[in-house]
Structures are given as C-alpha cells and as structure tokens.
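One structure is given below, encoded as structure tokens.
Written as structure tokens, this is what we have:
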C-alpha cells in the first residue's frame, strides 16, 4: 500500500509539471474504485497535496481518512467512486474544468502494476454524454524566427479534431514586424477551429510571446508553452521538439499513424509537418486511442483560399463567440444565422466553408449548380423539407465513429447508428431519384452515384442487424451486458448459452410461482405484491421470504403431507418437466426478519443460473466486441457515409436559405482581368430579419472597372456600416458557395478582403486607437491590389481632423492607383472638395438619404443610396430628433456658425455672398454655375468681353448684362478660356442652363 501512495504523488507531480496545479487530478484504480488522495497535517488539520477538496465538492462526496497510512509524516485522506461510474463522474469533472490523469490497474494484489490509461483534458476528451460543442480541436502552433538576410517569421499550424478524427495542416511565412499583421492568419486559423487546447512551440522573445497570448486570449482554454531557447522548458520536451524537425522521426511518426508514404506530399511544408508530428505524439501520450485510425491530414492551401485580413471575420460579424456551440443564439453571427444544417456533421462543414471562402471558379460554379439542382427537385419531385426532415433523425455519425475506434460505445449508440443508416438509405435513394429526374451531370453527382452504387450504407445496416437485436439494444445506454441483445442465429454458442440461461430463469420462476400460490392459501398479499421473491446480492441469486411467512408455508406444506409436485415450463419449442420435493425445503438467515429458502435442487438451480448468467454476460460482451471490431475494420466506409451526409445537409441548407429568404444565384464573370462586384438590391442577411417592423431598403452596389471605389456619407444610424458590411458578407457567402441576399449578383472572385471597421484589442497593448488604425492601414496599403476588396468605416477617426483627412485622401489615391475595389464610410465632408479627390475618376461619392420631418420633429430614414455627399451638417439634426434641449441646440448652432462652418458651407447664407464689380445684381461665392461642385470665386462673361466695342456692347447685348455673366470656379474659368468657348444663358422650367454658341 505505501507504494500506491508513493506512486500517486509521483503521478500528481508529473501531471502538474505539464498542466499546472490548478484543477488537475489523478484518479488511481484500486480494486473496484477510482480513488483520489490528499494529505492532512496532523497538527493544523489542513488538507493539501492535491485538489481533493475541489474534487469532493464537485461530486458532492465526503473525504475520509485512509487508516494506518502516512506520507511524509502526514495523514493520507481519500475520496473516490466505483469504476462502473467512471464515465459519468469523469464527465462531471470535465465539465467543471478539470484535467484528469487516469491510472489503470493492470493486475491484482498488493504490488500490482498501474499504467496511464488516458489524460482527460479539454482537447482530448470524447465523453459519453451529450455536449453542446460539435468540435473539439487540439492544436499545435510552431513559431520560428529566422534572421538570414531579412528577418522572417515562419508559422507551422496543425490541428486534430478528436470528435471526428479530422486533421488540418497550414503553413505561412511573413516578414518580421512588431505589430499584429504577422499573426492575422494565425488568428483566422484559431477562430476557424476554436481549439480547446493549444501547444505553442516558439523561439521569439518571451515578452513578445506574452503579447501574442493576450491577443489570442479568448480563443482557447489551455495553453502549453514550450520556449525552445529557455532553460525552464522541460529537457524532454526540448528533445522531442528537436526530433520533430528530423526527417527520420517524421517518417516514423507518419508511418505509425497512417502506414503509408504520404510524408512525400507534406515534406515541402516543413513547419506544418514538424508541428503535426509533435502534436500527434503529444496526444498519443494522453490517450493512444484518440489518434487511432484518424483521417489523413489535409493541407489548407492558401492559393485556393481568400485571404481575410485585419480580423475581417470578426469585423464583418461572420463569427461571434461560441461559434461551434450548437445552442448559441442564431443571430449572434452570420455563421450562426446561416447554419441551419440538421446534423452536426453538416454544421461543421458549413462552418468551415463560410470561414474559408475560395476563389476557385470551377468549384464555386459546381457549388451553385448543386444548390440549383436541389431547387429544381423541390419544384418537381423532391421537396426540400422531405430531405431535411429525414436528416433530423440522423445522429452525429462522425463522433460515433471515433467512439467506435476508441471502443467507447454502448449498444444504444450502435442502435442509433442503425436507425440513422436506415434513414440515410431512404434519403440517398430519394436524392438519386430526384437527380435522375432533372438530368444533371456534374462532378459531385458522379461521385455520389459511385458512392450510392457501392452499397456502403446497406452493408453497414446488414452488419449491425446481423449482430444485435436493435430494439433491445436501444434501451441499453451503458456497457452493462446483463441484458442480452445479440441477434439469434449469429452465434450458435451464444444461442445455446441463452437457451440454458433462459431455461434456468423460467424454472426458478415456475418454482416461485408455485410457492406463492401455496402461500396465498394461508396469508394475504399486501399491495398485491408477491410474498416470495428473487433476491440477487453480489451476483448471487436466492429466494427470499419473511420469517413469519416461511413458518406458515412450512406448516401448510406439512399439513399437505409435503407433496412432491410436478412442474413444467416452455423454453422456446421445448416443454421441460421436473419435480419439486417440498419435504426438503429449509431456510437460512438473510437480513432482518427474512429467510433465504434453501433446497438442494433450488440451490443447484440458483448456482447454475448465476454461472450461466456470467457466461451470457461474457458472451454478450464478446459478440458486441466482434461487431465493434468489424465496424473498426470498415471505418473508412463510415467516413464516406459521413462525407455524403454532411455535403447533402449543406446543399439542402443552402437551398433552404435561398428559398426562404429569396437569395439569388451569383453569376461569375471569369474573363475579367480584375476582381469586381456588381449587385442589384443588395441586403444584409441578418439585419433584414431583425427589424421586422421596418421595410428593409436594399441598394445597388457597383465596384468595377469604371467605378472601383465609393466614398459613403450619411447620418448616424442611417445604415452606413450595415451597407458596407453587407458587401463583404455577400462576397464571403458567394465565395463560400452560397446564394446571396440580392436580386442580381455579378462578380469576379476576390483574392483578398481587408476590413477596418472597428477597434480591436491590439497585439501590443498600450497603443492608442489611432496607432492601431495605422498598423492595420499599413497592412492594407502594403498588400491590397486589383484583386482585393477594402472596407473601411470611419478610418483615421482616432486623430485630429487635419491629419485624418490627409491620410484618408492619400489612402484613397493609393487604392485608386492600385485599381483596388474599396468602399469607405466617413463623416469627413470637406475632402469631397479636395482637388485630389476630384481627380479620382473611378471614385464615386455617395450618401444614404435621410430627411428631417419638421412637422413631427423626427428623422425619416430613407436609407437609399444616392449620388453626392448629402447634408453635410446632420449631427445637430439627429440631436434634435432625439429631443436634445432646445436651448442647447440653439447655442450649438450659433457655435457651429461662428467657428465650424467651412468656406464651402458659407454659400448657403446669401447675406455672406459678394457683389460683382461688373454687375451689382450678380452675387458670387455660391456654387459654381458650370460644374455645380466647387465654390464660385470669379465672374465670367458668357460672350467674352474681348469682343465688346468701346461702349461695352457685343452686338445688342451689353457685356456686363446679367444675362451675360455667370459665377464660376477658377478651374472652370481657365478651361473655358483655354478652349475659347462662348455660351448663351437660356431659361427652362427647371432653371437656367448654359449652351455653347
């Protein structure tokens, strides 16, 4: 026993070195129990040495003293639970946030060996109870800095989903910068897979790594930090890290898990591969079964994927918190709103697709065709709801497949799998009929037809049905094999055992019924309950009766002359007859006022029944194990079923969305030299369904060769942010294979999307809002090109107006020159009048309209996208609509007029205009009458005054006549005289116009 305690605290020390002391537990197998130990100071009574107090509180258990046991002069305390309750209690401990190492007893006796069975942690637990999470990723991030020529950062990323066995690898390389830019792709990867645990292997400075962890602080629960250059890192881990870089070890690891030469496919991704090799072995240490028969790794190809920079997924609300929690709020993000899949397999696939939009035109076209096929079938032969309703009856087969591989399934699990497969067989058959009816022929359909013809589903159904009785198995939710559920005819040996055991049970039942019948002749039933019953204690069967009743029964039988009775029972097709000599009935003490009825034949029968029962349990366990082994050998066929189920669920969800919300099929213009988008009546997918009391106003957006950029104005709350986000959201939807919320949507796929919409926690804390903006803006300016979309909202709002406007204008000039698609929402109206902005011929100035209704003192949000900048002073209008005190508003207007009204706005006040020296009736300083844009600064003669005579007349018209002068800007004035153009003023119903003569 001392060795047990020594080992226990050695195990604790080992676990805490990796996971820390907080919420770590060691469960040690001792007989029929899992036990937790701690130490108690004999003087103070303090309990320490482990987290046994937290353990006892979590499970509502008492801590007891382990008698006659000491460790380092302290008393040993203990707490625990039966082994057969292990799954249930481990689930509770896991939910409470514990990391648990389980040491299993491999033999019996005082010096028995114990080995680590598994470490249960957030990234490695595949529990038996339902969980709201539909993925459970364990990730490894390898960060390495090189300084040859130019300093660079190299990232090798790998992740394993222990729920599904999916493996993803990714690698990228960036120039070394002291800002968040190098970590954008890392953030996207983490957001996409929401790992529960992350291993960081790094050689960057420790203070920089701490900033990275702060930056990523909301993405994971547990970090394992291995600094390659630190003496504090466990030397064993350092050696493992070094070996992960060596090809010899990499080959052995890949061969170990996949038994193939697939290493050649990944050798060029050195950092991702070494990250992956370290991760596999680290998980193997926790629980080897987790990485048994996992799927082949998939390398995430950045050349096919749209680059989403500057936190675009968050800024566009594509994702929110708890993305992969099945019961989180529907409207919390675009991903949650769109994820109407019926199965968890489909939900995972949809989530991955919306977070990883692509630019492959061929793949996108096929995605659209698949949706179109579903919509066609919906009209003709196969309603969408028919398939979706069937999918609701399908369990998460991917997770169950991993449980099968881990040998952690119950009969109920396999029964659920059977019913799901039966539903899928019908579903796939209906889908095949539907496809045949519309005569489509694209790659996915050919792949599906090959799968359907393979008969994988039917093979799995037959295999399960042959092994087990489905209805019986459905009610067995634990690994208790006391109830037989094996199909008859599968095993002759098992059938014979069942036949014998059932005969034993029926014979005993006949004896008890006979004795109860005799008993009823001398005593009355209480609550209609039998007076003689079966009692099973510690796997030993007896017949129990009260002392008083037994005495009455013996007296009655003695009066009957101790009859020798003939009894019989039917066992399947056999009639079995036997005799019971009542003269041999005896009794032994049972408990309290009860006796066990004893009789030589009954004793022998009970012993035989108990023996056969154990044989049946072992045989049932064996036969069920054979089924699990068979399923393990064909797990790839189960994976193929999962693949087509999730794809079908995804296609029908996309079609359901397009039908319910009237989304349109995107049209790809592949021949375009640059990326573009042109859409009619574009909508925001979430907002149009939130404000149901208001009619949503869609708008047309065009970012193409002739109009690459939009500068957007509008009052607060008019919907500028919603509009610019809707562009990014719809493009991500389109490039993820979805139909989009518009009436028409033409585009050429974008290669990258940049956003600057809201403030973010920056990688390097302490920077001002403006500094963060500049860092993100620098990323945009460095990488944005003709295949990029840039979305900005109130850019440079964190600094003073002069610097902000200068930076915005310079940014717009750069993006315009790069032929980049962009839309910027801003409140800086003055830049519209800058010559630099006017010279950007592909930039359009727009505003979302809003009007103030003076009669009822309210703002009317038209939300229609119109040309021009709109009202330049709307802040006070908004304040007035929201009932700011009138004296405050009046004073604010006076201050605005005195200090803030710019020169362009002074034209609105006629009293501030100047009289012309040529004609005092001509006022100038208002808007230029020629271009209608700039402020007028000069008075121009329509018929040039150089043609006037000495009296100032040009023909019959005096040169200074009001009909011959106009107020124009300097630019227009110079242009007219350079081209020597003359005009005449004409009156129309809509005012004066000027025509060349």
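Residue numbers (the numbering used here): 485 to 1481.
The beta-carbon is built from N, C-alpha and C at its ideal position, and this holds for glycine as well.
Since we're looking at a predicted model, the values are computed, not measured.
In this model, residue 1195 and residue 1279 are separated by some 11 Å (Cα to Cα). Beta-bridge analysis with DSSP links residue 1048 to 1065. In terms of Cβ geometry, residue 618 and residue 831 form a close pair [threshold 8 Å]. A straight line joining the alpha-carbon of residue 1227 with that of residue 1147 spans about 7 Å.
Between residue 684 and residue 720, the C-beta gap is not smaller than 8 Å, which leaves the two residues out of contact. With fewer than 16 neighbouring CB atoms inside 10 Å of its own CB, residue 1374 falls in the exposed class. Per DSSP, reduced to three states, the secondary structure at residue 514 is strand.
Nearest in C-alpha terms to residue 638, of all of 644, 648 and 625, is 625.
Annotated as proximal: residue 1466 and residue 1481, with beta-carbon spacing under 8 Å. If you check the CB distance, residue 598 and residue 605 do not come in under 8 Å. CA-to-CA, the gap between residue 735 and residue 759 works out to about 14 Å. Between residue 561 and residue 554, the CB-CB gap reaches or exceeds 8 Å. Cα atoms of residue 698 and residue 707: separation of roughly 12 Å, rounded to the nearest angstrom. Between the segment 743-756 and the segment 780-791 there are three or more inter-stretch CB-CB distances shorter than 8 Å, so the stretches are counted as touching. Exclusion of the five residues before and after residue 1442 leaves 1436 as the residues of its chain whose Cβ lies within less than 6 Å of its Cβ.
Going by DSSP, residue 727 is part of the alpha helix (DSSP H) stretching over 719-728. Straight through space, the alpha carbons of residue 1205 and residue 1347 are spaced by roughly 12 Å. Put simply, the backbone Cα of residue 520 is about 29 Å away from that of residue 776.
In the DSSP assignment, residue 989 falls within the unbroken alpha helix (DSSP H) covering 976-1003.
Here the segment 1185-1192 lies against the segment 1301-1316, with 3 or more beta-carbon pairs under 8 Å apart. Distance from the CA of residue 929 to the CA of residue 853, rounded to the nearest whole angstrom, comes to 10 Å. With fewer than 16 other Cβ atoms from the protein chains shown falling within 10 Å of its own Cβ, residue 633 counts as exposed. For the pair residue 1453 and residue 1137, the CB atoms are not nearer than the 8 Å cut-off. Ranking 949, 995, 1132 and 549 by CA distance to the CA of residue 869 puts 1132 first.
Counting other Cβ atoms within 10 Å of its Cβ, residue 1312 reaches 16 or more and is therefore classed as buried.
Fewer than three beta-carbon pairs drawn from the segment 1040-1052 and the segment 1087-1102 are found closer than 8 Å, and the two stretches are therefore not classed as touching. The beta-bridge partner set that DSSP reports for residue 1079 consists of 1029 and 1073. In this structure residue 940 is in contact with residue 1125, their Cβ atoms being roughly 6 Å apart against a cut-off of 8 Å. Annotated as proximal: residue 1034 and residue 1071, with beta-carbon spacing under 8 Å. Beyond the five residues adjoining it in sequence on each side, residue 935 comes within less than 7 Å, by CB distance, of 1124 and 1128 in the same chain, given in chain order. Cα atoms of residue 1236 and residue 846: separation of roughly 18 Å, rounded to the nearest angstrom. Residue 754: member of the alpha helix (DSSP H) spanning 754-770, first to last residue. Comparing C-alpha distances from residue 1233 to each of 1270, 912 and 1207 shows the shortest one belongs to 1270.
For the set 874, 529 and 1225, the Cα lying nearest the Cα of residue 914 is the one of 874. Taking the CA atoms as reference points, residue 1175 sits about 33 Å from residue 1264. In this structure residue 585 touches residue 499 by the C-beta definition: roughly 5 Å separates them, less than 8 Å.
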